[in-house]
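Per the UniProt record's numbering, the very first residue in the sequence shown carries number 1; after that it's consecutive.
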Amino acid sequence: MCSLRLEPWTSASRGQSSTNCPTGRGQLCKQDNSSLHKAKYNVLSFLPVRLQPLAMFSFLALFLPFLYRTSVLSAHSPTATLTNIKRPSFLSRNHISQMVIPSEIRFALEPSPIASCTGQSFNITRRCFPADFTFGTATSAYQVEGAVDQGHRGTSIWDTFSHHLGNVIDLSNADITDDHYNRFREDLDLMAEMGVDAYRFSISWSRIFPNASKQVNEVGIDHYNHVIDALLQKGIEPYVTLYHWDLPQALQDKYGGWLSENIIDDFLLFSDTCFHAFGDRVKKWITINEPYSFASQGYSGFGTHAPGRCSFRAKCREGDSNVEPYIVGHNVLLAHASAVALYKAKYQAPQHGLIGITLDSRWYEPLNEASVDDKEASRRALDFHLGWFLGPLVFGDYPTSMKNFVGNRLPTFQKGNTKRQVSVNGSFDFIGLNHYTTAYVRPGRSSYIIASLHNINPDGYFQVSYKRNGKSIGPQSPGAEWLYVVPWGFKNLLDYIRIQYNNPLLIITENGYADMNRSPMASLKTVLNDVLRISYHHDYLRNLLLSIKDGSNVKGYFIWSLLDNWEWGMGFTARFGLHFVDYVGNLTRYPKKSVRWFHNLLEK
1 MCSLRLEPWT
11 SASRGQSSTN
21 CPTGRGQLCK
31 QDNSSLHKAK
41 YNVLSFLPVR
51 LQPLAMFSFL
61 ALFLPFLYRT
71 SVLSAHSPTA
81 TLTNIKRPSF
91 LSRNHISQMV
101 IPSEIRFALE
111 PSPIASCTGQ
121 SFNITRRCFP
131 ADFTFGTATS
141 AYQVEGAVDQ
151 GHRGTSIWDT
161 FSHHLGNVID
171 LSNADITDDH
181 YNRFREDLDL
191 MAEMGVDAYR
201 FSISWSRIFP
211 NASKQVNEVG
221 IDHYNHVIDA
231 LLQKGIEPYV
241 TLYHWDLPQA
251 LQDKYGGWLS
261 ENIIDDFLLF
271 SDTCFHAFGD
281 RVKKWITINE
291 PYSFASQGYS
301 GFGTHAPGRC
311 SFRAKCREGD
321 SNVEPYIVGH
331 NVLLAHASAV
341 ALYKAKYQAP
351 QHGLIGITLD
361 SRWYEPLNEA
371 SVDDKEASRR
381 ALDFHLGWFL
391 GPLVFGDYPT
401 SMKNFVGNRL
411 PTFQKGNTKR
421 QVSVNGSFDF
431 IGLNHYTTAY
441 VRPGRSSYII
451 ASLHNINPDG
461 YFQVSYKRNG
471 KSIGPQSPGA
481 EWLYVVPWGF
491 KNLLDYIRIQ
501 YNNPLLIITE
511 NGYADMNRSP
521 MASLKTVLND
531 VLRISYHHDY
541 LRNLLLSIKD
551 GSNVKGYFIW
561 SLLDNWEWGM
571 GFTARFGLHF
581 VDYVGNLTRY
591 PKKSVRWFHN
601 LLEK
C-alpha cells in the first residue's frame, strides 16, 4: 500500500479551439477531431431533444462535402500557406502585449526584477531555482533530422515500421521531417536566442554503424562533431542520448534486436565509439530513452511502435506480448549497466562527465482517496511503470509486486544467466525523468484493448481513468488525447521518487504540451499564440519548484520540444514544439509566444 499522502494543487481548466495543420513535402495528414471542445451554445435548442441528433446528422450530410471541397481548394491557394507571411525575427514584448493572454498566466510573462518565491502565487523566474539548475530544450535524431539518404546513414527499425501502411496515424514518415541534419546551425541560433543552458539531442545509431558490421561511419562522426562544436561555441551544453529508439534494422534482422542478449555487445561498441569520439566535450550522457515506452508499445498491445511485435495477430505478424516486453526491458537494463561500467572504468576520470538513463512515468492517483484497494492499485501502477526500471537501478531487483504478478515470465538478475556479469544496482550518476500527465487508478484487470490504448501493463491488475465523479482530472491537450494537464501530479511523482527511491539526482529530460495540427488557412498569429503551452509550463514549473523546496534533488528541466516534429505513431498530428515548423512550405521555423516567455524566464 502506498503510504504517501499528498494534497493536490489544481489549476483551472482552460479551453482552446482545435483546428488542424497541413503537412507537406510528401508527408500526409489526416484530421483528428477527437479533442474538439463542446460548443458553448446549442443552436438546435429550439427542437425537441430527441430530434436534435437527426437534425445535426442531416446538416452534416448536406454541408460536409461542400466544406471539404472548400478546404481542399483553399489549401492549394497561394494565400493558404504560411510561406508568404513575413516571419518575425523574434517575438517582441510589444507583439506579445497586443495578444490576449489569460489573466492567470499574464503575470508570468514578465518576470519581476526581484524574485519572490514564497506564498501561494509566487512569480517564477530563474532566480527561484538553485544556481546550478540547468534549463534546456530537447529533440531526438529520428524525429527531427530527416536526411535519411545522406551521410551514408543506414536503415533503422523506424524507417521500416513507418513505411508500412497503417502504422502511423496520418500515413506520414520521417524521411524529411524538420531537416535538422542540414539546418542544425539555424536551430542552434533559435536556442541561443531563447537563452537556454543546454540542448538534449540523440545520436542516430544508424549514422555511426549503418549496418551489422563493426565498421564506423566517419561521416556520421563528423556530423555530430560539428553539432557539438557549434553548441559549445554558443555556450550551450550538449546532453547526449545514445539510444532514442532508432535501432539499426540490420541488428533487428541479424538476431532480433533487443530480444537478444547479443544487443549488449553492439550497444557497448556503439557507446564506446561515442564516448571516445565526443566525450572530451560531452559531459552529460544518457544511455537509453524511455525503455518502458518502447518495450511496451513495440512488443505488446497493438505493436504501435517499432518493431511492431505483439500477440494481436490482426495487427502483428509475430510477437508474444506476455513475455517479450520483459525480455526487452531486462536486456535494456543490462546494456545500460554495461555502458555505464565502461564509461566509469575508462572515460569518467579523464573526461569528468556524468552518465544516466531516462525513464518516463505518469503519476497514478487513487481514484478513491479513502480506499485502501485503490491506494494499492496506485502503488502497483507506479511499480509496473516507473519501478520496472528504477527498482533495479536503485535496489538491484524488480519490485515485489511485479515478481508476484508476472512470475517466471520476469527475468532475474541472478549470476550466471547473462553473457556478461554486470551490476545494474547503482549504475547511474543521475536519472532522467520524462513526465507529461497523470491518471486516476483503481484495481481491476484491464482488457487487452483498453490496456493497449492507455499504454499500461495488464499484468498489474489496475485500471486507469481520467474522470472522478464525472469531473475530468484536468484539461485535455488538443493535440494528444492521452495528455491531461495535471500539474499537482508532477509534484506528487517527484515527492514519491524522493521518498521511495532514496532521492536520486534527477534531471527532467522531457516535459511538454501538444497543440493540434493547424488549418492551412490559420493566420500566423493564431499558430503562434500558444498561451496554453505557457500556462502548462508555468504550472508544472511551479510544482517542480515546490518539490525542490521540499527536498527533491532535481537539477535540470528540458522542454519538449525545440521544434514541432514527427511524433512517432502520431506522425505530424501533434505539435509539441516551441517553434512552429511550416511543413507546407520550406520548413521555415516560426517562434511561438512560449519562446518569448521562456526567454524572459531564463534571463539572468
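A virtual CB, placed ideally from N, CA and C, is assigned to each residue, including glycine.
For the segment 263-335, the continuous beta strand (DSSP E) assignments of 3+ residues that do not extend past its boundaries occur at 284-289, in sequence order. Below 8 angstroms, too few C-beta pairs join the segment 318-326 and the segment 354-367 to call them touching: fewer than three. When DSSP states are grouped into helix, strand and coil, G460 belongs to the helix group. Counting along the chain, K555 sits inside the beta strand (DSSP E) bounded by residues 554-560.
The three-state secondary structure of K604, taken from DSSP, is coil.
Taking 8 angstroms as the cut-off, the Cβ atoms of L493 and W363 count as close.
Partner residues in a beta bridge of D187, as assigned by DSSP, do not exist. Taking one beta carbon from each stretch, the segment 309-319 and the segment 473-482 have fewer than 3 pairs nearer than 8 angstroms; the two do not touch.
Contact fails between the segment 218-230 and the segment 120-131, because fewer than three Cβ pairs, one in each stretch, are under 8 angstroms apart. Here H180 carries a helix assignment [DSSP, helix/strand/coil].
When only Cα atoms are considered, L453 and G298 end up about 13 angstroms apart.
Between W568 and H305 a beta carbon distance of about 6 angstroms is seen, short of the 8 angstroms cut, so the two are scored as contacting. One thing to note: R153 has its Cβ within 8 angstroms of the Cβ of R207. Within its own chain, the residues whose Cβ lies closer than 6 angstroms to the Cβ of Y243, once the five positions on either side in sequence are excluded, are I288, listed in chain order. Between D564 and G585, the CB-CB gap reaches or exceeds 8 angstroms. Beyond the five residues adjoining it in sequence on each side, A514 comes within less than 7 angstroms, by CB distance, of S477, G479, A480, L483, A574, R575, F576 in the same chain, given in chain order. For the segment 495-576, the full-length beta strand (DSSP E) segments reaching 3 residues or more read 506-511, 554-560 along the chain.
Straight through space, the alpha carbons of L532 and N404 are spaced by roughly 42 angstroms. Within its own chain, the residues whose Cβ lies closer than 8 angstroms to the Cβ of N331, once the five positions on either side in sequence are excluded, are W258, L259, S260, E261, I263, I264, listed in chain order. Our two residues, P399 and Q463, have alpha carbons roughly 19 angstroms apart in a direct line.
For A377, the CB contacts under 6 angstroms within the same chain, skipping 5 residues up- and downstream, are V441, R442, P443, F462 in chain order. Nearest neighbour of F129 by Cα position, chosen from D149, L188, M194, G556, turns out to be G556. Beta bridge pairing from DSSP links R589 with V581. Between K344 and G426, the alpha-carbon positions lie close to 12 angstroms from each other.
In the structure shown, the three-state DSSP call for N469 is coil. For T139, there is no enclosing beta strand (DSSP E), as DSSP marks it with neither H nor E. Proximity to L269 across V282, H336, F312 peaks at H336, based on C-alpha coordinates. Counting along the chain, F201 sits inside the beta strand (DSSP E) bounded by residues 198-202. Just so you know, the alpha carbons of V485 and F184 end up roughly 31 angstroms apart. Per DSSP, the continuous alpha helix (DSSP H) segment holding G391 begins and ends at 388-395.
Counting only residues of its own chain and dropping the five nearest sequence neighbours on each side, T134 has a CB closer than 6 angstroms to the CB of D197, A198, G556. The residue from I355, A174, S446, D539 with its alpha-carbon nearest to that of I157 is A174.
Shown here, S156 sits in a strand according to DSSP, grouped into three states. The three-state reading of DSSP puts G356 in strand, counting E and B together.
T400 carries a helical assignment under DSSP once its states are collapsed to helix, strand and coil.
The shortest CA-to-CA distance from D280 to any of D495, K214, Y239 is the one to Y239.
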